[in-house]
Amino acid sequence: MVQSNQKPHLVLLSAPAHLQPVIELGKRLVTCQDVKATIIVASFVQSAPVESRMVQAALATKLFDFIHLPPADISNLVEPGDKGITSLSAAMHVVKPDFQAAILGLETLPTALVVHVFAIECLGIADELKIPKYVFVSTNAWFLATIVYTPVLDKEVEGEYADKKEPFALPGCSSIRAEDLPDPMLLRTKANYREYLKIGMEIPKADGILVNSWEELQPKTLVSLRDGNLLGGVVKAPIFPVGQINSEGSSALKNELFDWLDKQPTDSVLYISFGSMGGLSLEQMLELAWGLELSQQRFIWVVRPPIEKSGSGSGPKFGNIGDDMSSYLPEGFISRTRDRGVIVLQWAPQVEILSHPSCGGFFTHCGWNSAIECITDGLPMIAWPLYAEQRMNATLLTEEMGIAVRSETLPSKGIVGREEIEKMVRKVFVDEGGRQMRARVKELKLSAEKAWSNSGSSYDALAKMVKHSQKKAIAIDV
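Residues 0 to 477 (numbering that gives the first Met the number 0) make up the sequence shown, in order.
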C-alpha cells in the first residue's frame, strides 16, 4: 500500500558501461529533492572492475545505496561482430532475474523505477511491482526524437537508410542526414538495428522520460516531443529535461600535469581525447600530430596506441599498451613540441582539465557526456565523431548550436589531413570564428547554470518528475 505521505524511494538501474550518468542523476535526485535513492548496477564481465571503482567513489558521498548485480557473461549470446546495443540488451536479459530479486529484497520497496534507456529490457518489472516506470535518456533530445521515430521510418522507408540522398524528416525537429544517423541504423539487417528499433518502441511505454538536456538548449526538439500533433503523438509520455547531468570532478587534484596547466595563459590549451573506446589509425595519428605542430598552439593529448582495425558500430582493437609512443608519433614530435604540449598515455582526468582556466578548447569524439562537460565549462570544440550517435552530436554542436568546428571528411570514413587539422585548431584559438564560438558557448554555459538554479528549468523538471511519480504511484495502488 502506497501512502501519500511516504518519502519517495526511487530505484535507478544503470546499463553496462553507462553507470556515471545514472550516479549523477541520483545525486541530483537526493540533493535537490527529498527522496531516497538506490542505484542498481548492471555490468559486463569486462567492465565490472571499472564500475566497481565508480561505485566505491560514489559511496563516499553517502547519498544513496548501491547494489552491484553479478556481471553479465554474454560470450555465448552475442556474435563477435554484434557489439553495441546488441551486447547491452543481451546483458540486461541476463541480469533481469537478479535485478528483480534485488528489488524484492530491499528493506524499503521502491515507489518508482528509473531505468537507463539501454536497460529498457527491465522496464516491465515495474508493472509486476505495480510502481511507476521512467526511462532516463543520458544523451540529447534529438537522439531521443530519432530513436522514438525510427519505428515510423521502419515502415515508411524501403531499403537501407544509409543509401538515401534526402535527409529524414522528424516532425517538428531538425531533419537528419543519412551520414549522421546513429550506427545501429546503418545496417537494417543487423541485430543492432533490431534492438535499437525495439528500444524505440519500448520508450513510449514509460510513464515519463528524463533526458540529459535542458529547455534552453534544445527548445525546438522539446516542443515537438510534447506536441501531440508532432512527436508527442508518438512519445505520449511526459518529457522531463533534467540536464545537465555530468560529473563535477575534484578541484583538489594536483600533479605535474596541473602544475604545467597553472603556468599557461587563460583559454590557451587544447585538450585532445577520444573517449574510452575512440581510436585512431596510425596514419591518422601521424596527421593529427603534424596538424597540432603546424598550428603552434598549446595542447594536452591523451594518446592511445593506434587501432589495428575498426568498423561502424564496433569497438576498435588497440595496439599494445606498452608500445613506445615514438613508434606511432612523428620522429622528433615530442621534443619539438615539449615547450607547448603535453602527451599523456591512455587516460587523463578530463573533468578537471576541462574546468581548468587555462583550457580553451576540446578536440572531442562528441560523446554527449563530453559535450555537456564542454558546454558547462564554456569551451568551444573540434568535433571528431567516431561511432554510436556521435555524428549527429557533431552536427548538433556545429550546425545548430554553433559551438564547434568539424572536418569536411568524416573521421570514421577517411583520413583528415594535417592542413585541415591545423586550420580547425587555429579557428578555435586564433580566428574570429573561434571568438564567436567561444561567446556562444559561454551563453550556453550560463543557461546551464540557470537551469539548475533554484526554480530553474531542470530543477523544476526534476521536481515535477518526482511529484508525477508520487501521484502515479497512488493512482496505480488504487
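Built from N, CA and C at the ideal position, the CB exists for glycine as well.
Same chain, Cβ closer than 6 Å to residue i, five either side skipped, listed in chain order
i, result
"I124", "Q99"
"S468", "A111 and P131"
"S478", "Only positions 0 to 477 of the chain appear in this structure, which leaves residue 478 out of reach."
"E215", "S446"
"V93", "A71"
"V147", "G199, I202, V233 and V234"
"D64", "T37"
"I475", "K129"
"H480", "The chain is shown from 0 up to 477; residue 480 falls before or after that span and cannot be answered."
"A101", "I39 and I66"
"E421", "G290, L293 and S294"
Cβ-Cβ separation, residue j to residue i (assumed contact under 8 Å), whole Å
i, j, result
"R144", "L169", "Residue identity differs from the one stated: residue 144 is Ala in this sequence, not Arg. Indeed they touch by this definition, with Cβ atoms about 5 Å apart."
"V29", "L62", "5 Å"
"A462", "S456", "Going by Cβ atoms, the distance from A462 to S456 rounds to 11 Å, so no, they are not a contact pair."
"S272", "V301", "4 Å"
"P7", "V465", "6 Å"
"E106", "N245", "Wrong, their Cβ atoms sit about 31 Å apart, outside the cutoff."
"A190", "A236", "At roughly 27 Å, the Cβ-Cβ gap does not stay under 8 Å, so A190 and A236 are not in contact."
"A16", "S46", "5 Å"
"Q217", "N139", "6 Å"
"W141", "S173", "7 Å"
"C358", "L396", "With 8 Å as the limit, C358 and L396 do not qualify as a contact, their Cβ atoms being about 17 Å apart."
Unbroken alpha helix (DSSP H) run spanning residue i, endpoints
i, result
"F361", "Not the alpha helix (DSSP H): F361 falls in the beta strand (DSSP E), residues C358 to T363."
"P218", "P218 to R225"
"L256", "E255 to D261"
"T149", "A140 to E155"
"N191", "A190 to E201"
"F273", "Counting along the chain, F273 falls outside any alpha helix (DSSP H), and DSSP gives it neither H nor E."
"Y458", "S456 to D476"
"P96", "I84 to L103"
"Q5", "Looking at the DSSP string, Q5 is not in any alpha helix (DSSP H), and its letter there is neither H nor E."
"L445", "E431 to A450"
"L353", "Q349 to L353"
"W367", "W367 to T375"
"S334", "F332 to R335"
DSSP bridge partner residues for residue i (one or two, in chain order)
i, result
"V404", "I381"
"H115", "F135"
"A71", "F43"
"G340", "F298"
"L11", "I38 and V113"
"V268", "R297 and C358"
"V29", "According to DSSP, which records beta bridges pairwise, V29 is partnered with nothing at all."
"F167", "I175"
"I66", "I39"
Limits of the beta strand (DSSP E) - the one that residue i falls within
i, result
"Y386", "First-last for Y386: undefined, no H or E at that position."
"F428", "Careful: F428 lies outside any beta strand (DSSP E), inside the alpha helix (DSSP H) at R417 to F428."
"F239", "I238 to P240"
"V210", "G207 to V210"
Outcome for residue i when other beta-carbon atoms lying within 10 angstroms are tallied against a minimum of 16
i, result
"T265", "exposed"
"L103", "exposed"
"G478", "An answer regarding residue 478 cannot be provided, because it is not within the stretch 0 to 477 covered by the chain."
"S325", "exposed"
"S452", "exposed"
"G310", "With a pLDDT of 40 at G310, under the threshold of 50, the modelled position of that residue is not reliable, and the figure given next carries that caveat. G310 should be labelled exposed."
"R27", "buried"
"T188", "exposed"
"N75", "exposed"
"T60", "exposed"
"N392", "buried"
"V82", "For the sequence presented, residue 82 should be read as Lys rather than Val. So K82 counts as buried."
"A161", "exposed"
"T394", "buried"
"T408", "exposed"
"V429", "exposed"
"L209", "buried"
"A56", "exposed"
"W346", "exposed"
"N368", "buried"
Cβ shell of residue i (< 7 Å), same chain only, five flanking positions each side left out
i, result
"G377", "V440, K441 and K444"
"E292", "F332, R335 and T336"
"K470", "none"
"A118", "L12, S13, A14, A41 and M91"
"P166", "S174, I175 and R176"
"Y192", "P183, M184 and L186"
"P379", "G360, I402, A403, V427, G433, M436, R437 and V440"
Same chain, Cβ closer than 8 Å to residue i, neighbours up to 5 away in sequence not counted
i, result
"E282", "I414"
"I381", "L269, G360, F361, F362, T363, A403, V404, R405, M423, V424 and V427"
"F317", "Unreliable placement is indicated for F317, whose pLDDT of 42 sits below 50; the coordinate value is still reported in the next sentence. Here the set comprises G278, R303, P304, P305, I306 and E307."
"Y195", "I84, I146, T149, P181, P183 and M184"
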